[in-house]
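In full-length UniProt numbering, the protein residues as written are 1 to 375.
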């Protein structure tokens, strides 16, 4: 019965893992990066619990295999890989802090001379069960820490927003909105919000800030360079932070950062530790991007005005017949992300404080193991 129960539990864990991978591939895991980080960590807790390896090294290899599957499902979701590395770092630290007791217990059981297999299995099983329980407890603490990431970032708002200053941001971001609302509690300042086309999420954030009493002006993206001359600070959100200090940001942020650099305006990116990635130049994910539907940029009905048919060939507007000769083509790129190089970033504001781009590598060394940079 015990063996059957274990098989049933293992099948349930594999089903949950496959469901998570499927949702990643189909981009059905919406919401914030924190929600994705929590979901990933919860899946990894089940992965740790399901491991039957008799040593800590075996558990690490098993979790690495699961991590590889998750990362390959959607490489651009840097948070997924980051949380896998955090969990592996926890397992390695617990194994080192345990003094090798779990592995020693397994070794002692194998070297025992009394020939009692049942007793050997009991020793190994008990040691690894206790080790996994400790690991799962620490991973649970990591999930608790994720709950307070945004609060710790927002609390630093008063240190960076000066009275009577002009702050510029772009698009819509929950963390940036909370950051500016916190600053408005004790600081009176003006806020300029670029609309963030094509999604135009900046309109909603500008309205929300105005309702909270922030003096807000919504402008078109094309006006950012002109407005930068009277701006004192740029605050933007990050989707990820690379090892070289560069930022994976929503499309359009690179243009804002370039305008700020031209006017010597400091640029602050808000990012939790869970968004810091050891990926850097030379890695596939570093050079990758995601393309969204071109319908956000150009309406499909406008294609008729370009003389483009369903198969890409020209159409005679009078007869509706396909025109002979040259084929009319229209390529519409709608990238999801921008890469902002470190020389355009003044500060990365995390839940443990601010860090200049050059300091990001040191932060990565504290939360990840070099052996887990790739899977």
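Where is the CB? At the ideal position from N, CA and C, for every residue including glycine.
Of the choices the options, whose alpha-carbon is the least far from that of residue i?
| i | options | result |
| --- | --- | --- |
| residue 27 | 141, 292 and 144 | 292 |
| residue 267 | 282, 289, 248 and 235 | 235 |
| residue 242 | 220, 284, 196 and 231 | 284 |
| residue 164 | 187, 179 and 31 | 187 |
| residue 162 | 21, 72, 218 and 184 | 184 |
| residue 95 | 55, 237 and 140 | 55 |
| residue 386 | 350, 370, 49 and 375 | What is shown of the chain runs 1 to 375, which leaves residue 386 out entirely. |
| residue 364 | 34, 83, 18 and 74 | 83 |
| residue 144 | 341, 24, 361 and 37 | 37 |
| residue 150 | 202, 42 and 178 | 178 |
| residue 376 | 368, 343 and 160 | It is not possible to answer for residue 376, since the shown part of the chain is limited to 1 through 375. |
| residue 159 | 212, 361, 353 and 371 | 353 |
| residue 288 | 148, 40, 76 and 230 | 76 |
| residue 73 | 209, 40 and 46 | 40 |
| residue 346 | 265, 296 and 210 | 265 |
| residue 372 | 30, 90, 137 and 332 | 90 |
| residue 297 | 205, 334, 221 and 189 | 334 |
| residue 166 | 142, 173 and 192 | 192 |
| residue 181 | 204, 355, 201 and 210 | 210 |
Looking at the secondary structure, which residues open and close the alpha helix (DSSP H) in which residue i lies?
| i | result |
| --- | --- |
| residue 209 | 201-211 |
| residue 87 | 78-97 |
| residue 184 | 174-184 |
| residue 362 | 360-367 |
Can you tell me which residues form a DSSP beta bridge with residue i?
| i | result |
| --- | --- |
| residue 237 | 270 |
| residue 347 | 268 |
| residue 191 | 167 and 216 |
| residue 276 | 241 |
| residue 291 | 335 |
Quick one: what does DSSP say residue i is sitting in, helix, strand or coil?
| i | result |
| --- | --- |
| residue 260 | helix |
| residue 231 | coil |
| residue 438 | Residue 438 cannot be examined here, being either before or after the span of the chain that is shown, 1 to 375. |
| residue 336 | coil |
| residue 394 | Any question about residue 394 goes unanswered here, given that the chain covers just 1 to 375. |
| residue 250 | strand |
| residue 330 | coil |
| residue 29 | coil |
| residue 67 | helix |
| residue 72 | helix |
| residue 224 | helix |
| residue 147 | coil |
| residue 373 | coil |
Provide the residue span of the beta strand (DSSP E) that contains residue i, from first to last.
| i | result |
| --- | --- |
| residue 354 | 353-355 |
Exercise. Hey, is the region 48-61 in contact with the region 250-260, meaning 3+ C-beta pairs nearer than 8 Å?
Worked result: Cβ pair count under 8 Å is below three, so no.
Exercise. For the 8 Å Cβ check, are there 3 or more pairs between the region 127-146 and the region 190-201?
Worked result: As far as the Cβ criterion goes, the region 127-146 does not touch the region 190-201, which means the pair count is below three.
Exercise. For the region 9-23 against the region 218-231, are there 3 or more C-beta pairs whose distance is under 8 Å?
Worked result: No, they do not touch.
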